[in-house]
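Undergrad: FYI, my numbering numbers position 238 of the sequence shown as 1115, with every residue one higher than the one before it.
Mind having a look at this structure? Questions to follow.
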Amino acid sequence: MIRLQLLLVGVAAGGLLCWVSPLTGNEAHAVQNSVYGIQGIGFPGRPVSIRSRALGGGNAVFDPASALNPAAVAGYTRLIASTGLGTTFRNYTVGDTSVGGLRETRFPIGMVGTPIGGSPLRLAVSFVPYAERSFDVQTTSAAVIRGESLTVEDRIAAEGAVTDFRLAVALGAGSRLLVGGAVHLLAGSSRLRVRRDFSDPQYRSFVQQSDISFSGWGLSAGVVVSLVRGIQLGAALRSDGTLESNFPLSAPERVDLPWAAAAGLRIAPTPSVTWSTTAMWRAWSRATGGLLQGTRAFDTWEIGSGLELGGAGARILGLPLVWRTGVRYASLPFSARDEQPSELVLSGGPGLFLGGGRIALDLAVERASRSGGGAREEAWHVAAGLTVVP
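As structure tokens, then:
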């Protein structure tokens, strides 16, 4: 049954994106997560804070509230807790079919960081999305059964995600050098429901539901170097092992997860003006052997750059505000075609400091345009973050 479920998922995904030629032209609708999250292990999550989202991820390798570079955790000089909430509004077009009005809300990140006693060590625990796979897809096709031509309607729904839980430790090895390392635990689940209906009432509908659990782990390390006053370089490396999928009454399946490397530059010519950029490469092609036949996995590149105005006691319109804006380009890892999808994201939003700087409210608004692999997708993402110093 599990194998049939996975086959139907692959067929429906292929039909949706016009990726599997026998189903080209079928009707499909109701993707809840990105239309690009049906293939592979889902749509890759972003390990960044709400502030970093507003900056296009430009500061991600330097941001202690993001989960990209463990060395950045050295920036926690006091106990700090942060979290966020984000809602995505999206529509997509496949061939002549356009679907809109899709919405999804998630808690994209949570982080707690603190110094360890009176030592120079810093500790942080966090959770961020690693991959999201929530969709509800319906396809209609023709099938010949026992010599009779029938209309077959398949509906495949999945709801779940893989979450990256991180424990990071960092050390300020000197006034200009920060180093850190982290252990990552990957865990999650997905509820998969498959239904097949036939136009001939003599054939009974097929319905099957299964809960799938995921597990894996990874390691990361990073550095941040202050070259001169106002100029910093950062870098991080990460190695993930395999993602194990556990099905009821079936042997586990494994997918090799990517290695990753990130590097960034931050320049602050004045305390109230900061420009930063971060680039990252991930070897997603390692996953090819563990995916459904016909699914392509590509290595990905992404680069984000952002400008932050305000801070250090500066005020905008009389308020203790900062303004952030950014842009990000990324290639996407999974497709059933030879064409690799990609996305371009424009972002911006303010940050407001209250309580003498002990509370920070961040807002990020992102406009994403994705294309490739037989589809186009437009999305708005609105996220709010809260950071508290107890």
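Cβ atoms here follow ideal geometry from the backbone N, Cα and C, with glycine treated the same way.
1) Please state the DSSP three-state secondary structure of Arg930.
2) Grouping DSSP H, G and I as helix and E and B as strand, with all else coil, what is Thr954?
3) Would you kindly report the start and end of the unbroken beta strand (DSSP E) that includes Ala1047?
4) From Val1021 to Gly1095, what distance separates their C-alpha atoms?
5) Taking only three categories from DSSP, how would you classify Thr970?
6) Out of Pro947, Leu1223, Gly934, Trp1158, which has the shortest C-alpha to C-alpha gap to Gly1049?
7) Rounded to whole angstroms, what is the Cα-Cα separation between Glu1030 and Val938?
8) Tell me whether the region 1164-1182 and the region 1133-1143 touch, counting them as touching only if at least three CB pairs, one residue from each stretch, are closer than 8 angstroms.
9) Buried or exposed: where does Arg999 fall if 16 or more other Cβ atoms within 10 Å of its Cβ makes it buried?
10) For Ser1003, which residues in the same chain have their Cβ closer than 6 angstroms to its Cβ, ignoring the five residues on either side in sequence?
11) My output table needs one value for Ala1098: the three-state DSSP class, helix, strand or coil.
12) Measuring CB to CB, does Gly1181 end up less than 8 angstroms from Arg1205?
13) If the criterion is Cβ atoms closer than 8 angstroms, does the pair Gly1225 and Arg1201 meet it?
14) Let's test the definition: count the other Cβ atoms within 10 Å of the Cβ of Arg1032 and tell me whether it reaches 16, buried, or not, exposed.
15) Along the chain, where does the beta strand (DSSP E) that runs through Phe984 open and close?
16) Flag this pair as yes or no: are the beta carbons of Glu1255 and Arg967 separated by less than 8 angstroms?
17) Flag this pair as touching only if the region 925-938 and the region 1230-1245 have three or more C-beta atom pairs under 8 angstroms; answer yes or no.
18) Quick check on Thr1172: does DSSP put it in helix, strand or coil?
19) Would you decide whether Glu1179 is buried or exposed? Buried here means 16 or more other CB atoms lie within 10 Å of its CB.
20) Among Ser1067, Leu1104, Arg1115, Ala1019, which residue has its Cα nearest to the Cα of Ala1160?
21) Can you give me the C-alpha to C-alpha distance between Gly1228 and Ala1145, rounded to a whole angstrom?
22) Between Ile957 and Gly1233, what straight-line distance do the alpha-carbon atoms span, to the nearest angstrom?
23) Based on Cα-Cα distance, which residue from Ala1035, Asp1117, Arg983 lies nearest to His1258?
24) Tell me Ile1022's beta-bridge partners as DSSP assigns them.
25) Which same chain residues, not among the five before or five after Thr1028, have their C-beta less than 7 angstroms away from its C-beta?
26) So which of Ser1066, Gly1058, Ser1082 has the shortest CA-CA distance to Arg1073?
27) Since Gln1109 is in the beta strand (DSSP E), which residue starts that stretch and which ends it?
28) Using only the alpha-carbon positions, how far apart do Ser1090 and Ala1128 sit?
29) Assign Arg1247 to one of three DSSP states: helix, strand, or coil.
30) Under the three-state reduction of DSSP, which class applies to Ala1164: helix, strand or coil?
31) Identify, in the order they occur along the chain, each residue of the same chain with its Cβ nearer than 8 angstroms to the Cβ of Gln1086, setting aside the five sequence neighbours on each side.
32) Could you compute how far the alpha carbon of Leu1196 sits from the alpha carbon of Asp1239?
33) In chain order, what residues of the same chain lie with their CB nearer than 6 angstroms to the CB of Gly902, ignoring the 5 residues before and after it?
34) Look up Phe1012 in the DSSP assignment and give the residues it is bridged to.
35) Between the Cα of Gly1099 and those of Thr974, Gly1057, Pro1078, spot the shortest distance and give me the residue it belongs to.
36) What residues match up with Glu1254 in a beta bridge as DSSP calls it?
TA: Let me lay it out:
1) helix
2) coil
3) 1025-1049
4) 47 angstroms
5) strand
6) Pro947
7) 47 angstroms
8) yes
9) buried
10) Ala944, Met988, Arg1043
11) strand
12) yes
13) yes
14) buried
15) It is not in any beta strand (DSSP E) - Phe984 carries neither H nor E in the DSSP assignment.
16) yes
17) yes
18) coil
19) buried
20) Arg1115
21) 18 angstroms
22) 15 angstroms
23) Arg983
24) Glu1025
25) Thr1017, Ala1019, Ser1076
26) Ser1082
27) 1108-1117
28) 12 angstroms
29) strand
30) helix
31) Arg1068, Leu1069, Arg1070, Val1071
32) 14 angstroms
33) With a pLDDT of 35 at Gly902, under the threshold of 50, the modelled position of this residue cannot be trusted; read the value that follows with caution. Excluding positions up to five away in sequence, the list is empty.
34) Ala1035
35) Gly1057
36) Tyr969, Arg1247
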